[in-house]
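Sequence positions in the sequence shown follow mature numbering (1 follows the signal peptide of the UniProt record, and there is no 0) and run -27 to -1, 1 to 719. To start, the structure itself, in structure tokens.
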Amino acid sequence: MRLRKSVLSAAVLLMISGLGVPSTAAAAEPPRPTAEYDVFPGADPPGTYTGPRAASIPGAGTRALTGGPFTGFTCDGTDGPRVEVLYVREATMTNRYTALQPIIQGWLIQADAAWNDGAARGGRSRHIRFLTETSGGSCQAVVRNVVVPAGALATFATSTAAVRALGYTRTDRKYMMLTEGTSVCGVGERYNDDSPGATNLNNTSIAFARVDAGCWGANAIAHELGHTFGAVQPSAPHATTGGGHCSQRFDMMCYGGIPTYDCTEWDAERLPDCAADDYFNVAPPAGSYLATRWNTANSVYLRAGTSVDNAHYPRPGLAYTIRNVASGRALDIDPATGTGSDPLRYLYATTADPASATQKWLLGYQTGTQIMNNKSLLCLDSAYSGVTAGTRALQYTCANQDGMHWAYLPHADGSFTVLNSLSGLALTQPTAAGSLIDQQVYTGATSQRWTFTALADQAPLSDGYGYHVSALNNRETLAAPADAVAGSAVTHAVAGTAARQQWRLVASGASWQLKNIADGTLCVGNDQSTTAGQALTLQVCGTATGQQWTPRRVADGRYMLVNRHSGLAMTMTTAAGSAVQQQALNVDNRAQVFAFAYSGALPETPAVNLLANGGFTDNTDGWWFSDNITASTTGGRLTATVAGGAGEPWEAMLGQSGLPLETGATYVLSFDASTSGPVDIIATVELSDDPWTDAFTQVVALTPTAGRYSYRFTSNLTTDAGQVQFQLGRPDGYSLVLDDIALIRQ
């Protein structure tokens, strides 16, 4: 969560009245909570608004959402603790209630998915207990249309007083106010109470949250509701001074303080508690902070389930092909003029081609979901910030702005309506025969529905292969200068096919060397310097740790590269011909995020993966699991939920057997891995029966941040009965994600 804190003063409470449909009032409340004020990056300046203009929407009024049915909510009654959503405007402000309904429902579905996806990491489910109703064939969140007198939205205090005066005072409610004001960005109330029981004040008391029109979005809603659920208590391990937020990045609730960059994946910013140790953990280890203090996973405002039920919604960090339901055509970059990498190119739908690089789209996240073309590295945008029906969609330089933020409404057939956060309109293929994509008022028609088909990682890091390595800030690739020698600076250039812009990865434990293909002997290094700002140079490849780079996964094919010697991150520079540098790691800095794409250069010795189905494309075929492991595949990844209770690592295992090994031959075992919390596992290559002789064994320290691990070893066995095995047993249960497992004979 990238935010900055804003301190706003409270004005005198006003006794005001207005329109509304409140729930039944209840008893007196406990002492007042703390109000946590937030300002979201990319927020519009005061006086501007997110979402459609009412004048552009036919029939704008106060009716409920119309259009085709959608899914995403559970209508489970109206009793008990609930989150109740209020659309609040002053009497003199334009009424956008109807126009906003589709995008509001999309934001609320995504906010719910964030908390539930967070729970899925621990093998459970947690859904926000919205007040819901059935309307137009859909279960949807109730959104009250609340009108307050002029001046009531001047401050958070005056706005809560206004809605309280209308009867919104139930002590079993968290009231989420989406207002037409612009004096506040986001704010949520939190009680300073870290007691672990059901009587915690955050569990038993009324609280209000507010997001103003320039800051609307699923990110803001999920964050401010997090405050009302009790996040983050001052006693939490990574709490900022006074509580309310945390310093462990990326994370739904973390910003401020002295940051630690423990969770570099884009999706971590969307989810609660990246390390599951400050405010949310569905299965905290015995004796841990969240097992003994307030844990928002126990909030009565979250409907708890004992198993995973998160839907396969489009997810930041993964790549997809996106096809229109009506036509079956794939979303692509219009080829009418220029190249696919040019900004300001319109989007169109065309015949699906699995080999087309421009038909692959990576979901990013920057205070909201972005759709990035995997080839051009540009983001899907509302053309020229348009907000009226018929506005085209184009690609443009990625930025943290509403026109590049997208929400979705899921449908029963697995498709999604894609809604723009600036316009509130639905991405539409106007006719089955038409090609250019535009935005229209939501109807639920099949021309507005899109399927997202998850792709395997388009460029997993593999020993010996060649890559183009491009920074996201300027989309230029790392390059060696012409006629480079040892000591030459590593520079950058517009993406091309020259050998000097291709880099071969050479495995070195959990790190990699980047060897320039043009020369074949020079690697990227820092001259063993620990100085921030040091220019990176080409050095004769060797064993120096200054030549070793540890990838920190951000998304599929996107990594931050941290030098093993200095702990500093490779950083792109922008001046023409300037040297690439190392700088302090900063997850917000897109100059430190690099896209890897295969260059076509194969390993110097062709590599054959001895493992079958190491990419888990559709299933777990070829792999075996002990009875205390539940395995599933999603998006080409294996998720293994490991039950607790094991006293030894070998009491919970997964692996693949029947592998040929030869004494004296060199092999590389590599894999992508992450866990729901810090866990040590054991990776082995061994004989699959008695006496279980090891050819290789390694303790691997895993964390919630996905990493690529690669180990070279020389076999001491000749057998056709070898096996790769991961020993996972431990007293506490956890989940493990594995992908792109390879055993390569060199």
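Idealized CB from N, CA, C, for every residue including glycine. Computed from a predicted model, the values in this text were never measured in an experiment.
* Opposing strand residues paired with Val535 [DSSP bridges] -> Thr523 and Ala542.
* Asked: Taking Ala399 as the reference, which of Asn586, Asp251 and Ala366 has the closest Cα?
  -> Ala366
* Asked: Which term fits Thr265, buried or exposed, when burial requires 16 or more other beta carbons within 10 angstroms of its beta carbon?
  -> exposed
* To do: Quickly, what does DSSP pair Asn118 with across the bridge? List them, please.
  => Tyr60
* What span of residues does the beta strand (DSSP E) with Trp485 cover, start to end? -> Ser484 to Asn489
* Asked: By a C-beta neighbour count over all protein chains shown, 10 Å radius and 16 as the cutoff for buried, is Pro524 buried or exposed?
  -> buried
* **Integer-rounded CB distance, given that Leu198 should sit under 8 angstroms from Val58** => Going by Cβ atoms, the distance from Val58 to Leu198 rounds to 10 angstroms, so no, they are not a contact pair.
* Identity of the residue in Ser355, Ala380, Tyr381 and Ala362 nearest Ala372 by Cα -> Ser355
* Asked: How far does the alpha helix (DSSP H) with Leu634 in it reach, from first residue to last?
  -> First-last for Leu634: Met626 to Leu634, but that is the beta strand (DSSP E), not the alpha helix (DSSP H).
* Is there contact between the region 206 to 216 and the region 39 to 55, where contact requires at least three CB pairs shorter than 8 angstroms? -> no
* Going straight from the alpha carbon of Asn165 to that of Tyr274, what length do you get? -> 17 angstroms
* Asked: Is DSSP giving Ile179 helix, strand or coil here?
  -> Here Ile179 carries a coil assignment [DSSP, helix/strand/coil].
* Asked: In its own chain, which residues sit with a C-beta less than 8 angstroms from the C-beta of Thr494, not counting the 5 before and 5 after it?
  -> Lys488, Val513 and Cys514
* Taking one C-beta from the region 375 to 390 and one from the region 253 to 269 each time, how about it: are there three or more such pairs within less than 8 angstroms? -> No contact exists between the region 375 to 390 and the region 253 to 269.
* CB-CB length for Asn582 against Ala694, believed under 8 angstroms -> Actually they are not in contact, since the Cβ atoms of Asn582 and Ala694 sit about 18 angstroms apart, beyond 8 angstroms.
* How many whole angstroms separate the CB atoms of Ala325 and Arg302, which I take to be in contact at a CB cut-off of 8 angstroms? -> 7 angstroms
* **Three-state secondary structure assigned by DSSP to Leu716** => strand
* **Contact check, Ala459 vs Arg473, beta carbons under 9 angstroms** => no
* **Reduced DSSP category for Ile30 - H, G, I as helix; E, B as strand; rest coil** => Low per-residue confidence applies at Ile30: pLDDT is 36, beneath 50, and the placement is therefore not dependable, though the value from the model is reported in the following sentence. Reduced to three states, the DSSP call for Ile30 is coil.
* Would you mind sorting Ile231 into buried or exposed? The rule is 16 or more other CB atoms within 10 Å of its CB. => exposed
* C-alpha distance - Gln78 paired with Tyr684, whole-angstrom precision -> 47 angstroms
* **Residue nearest to Leu244 in terms of C-alpha spacing, selected from Gly540, Trp189 and Arg94** => Arg94
* Would the region 218 to 228 and the region 198 to 207 be scored as touching if the rule is three or more Cβ pairs under 8 angstroms? -> yes
* Asked: In the structure shown, what three-state DSSP assignment does Ala462 receive?
  -> strand
* Can you tell which of Asn559, Leu632, Gly588 and Ala585 has its C-alpha closest to the C-alpha of Thr237? -> Asn559
* Thinking C-beta only, is Leu709 closer than 9 angstroms to Ala646? -> Cβ distance < 9 angstroms, so Ala646 and Leu709 count as in contact.
* To do: Tell me whether the beta-carbon of Asn176 lies closer than 9 angstroms to the beta-carbon of Ser272.
  => yes
* Tell me whether Asn254 sits in a helix, a strand or coil according to DSSP, three-state version. => coil
* Exposed or buried, which one is Leu392 when buried takes at least 16 other CB atoms within 10 Å? -> When all chains shown are included, Leu392 counts as buried.
* Kindly confirm or deny that the region 316 to 324 and the region 406 to 418 touch, where touching means at least three C-beta pairs closer than 8 angstroms. => yes
* Does the beta-carbon distance from Trp445 to Val553 come in below 9 angstroms? -> It is Leu, not Trp, that sits at residue 445 in the sequence shown. Going by C-beta atoms, Leu445 is not nearer than 9 angstroms to Val553.
* Asked: Buried or exposed: which applies to His285, given that a residue is buried once 16 or more other Cβ atoms fall within 10 Å of its Cβ?
  -> exposed
* Asked: Roughly how many whole angstroms lie between the Cα atoms of Ser605 and His100?
  -> 21 angstroms
* To do: Could you work out which residue in Gln402, Gly110 and Asp90 is closest to Ser300 when comparing CA atoms only?
  => For Ser300, the nearest C-alpha among the options comes from Gln402.
* Exposed or buried, what is Thr657 when buried is set at 16 or more other beta-carbons lying within 10 Å of its beta-carbon? -> buried
* Asked: Using DSSP with H/G/I as helix, E/B as strand and the rest coil, what is His200?
  -> helix
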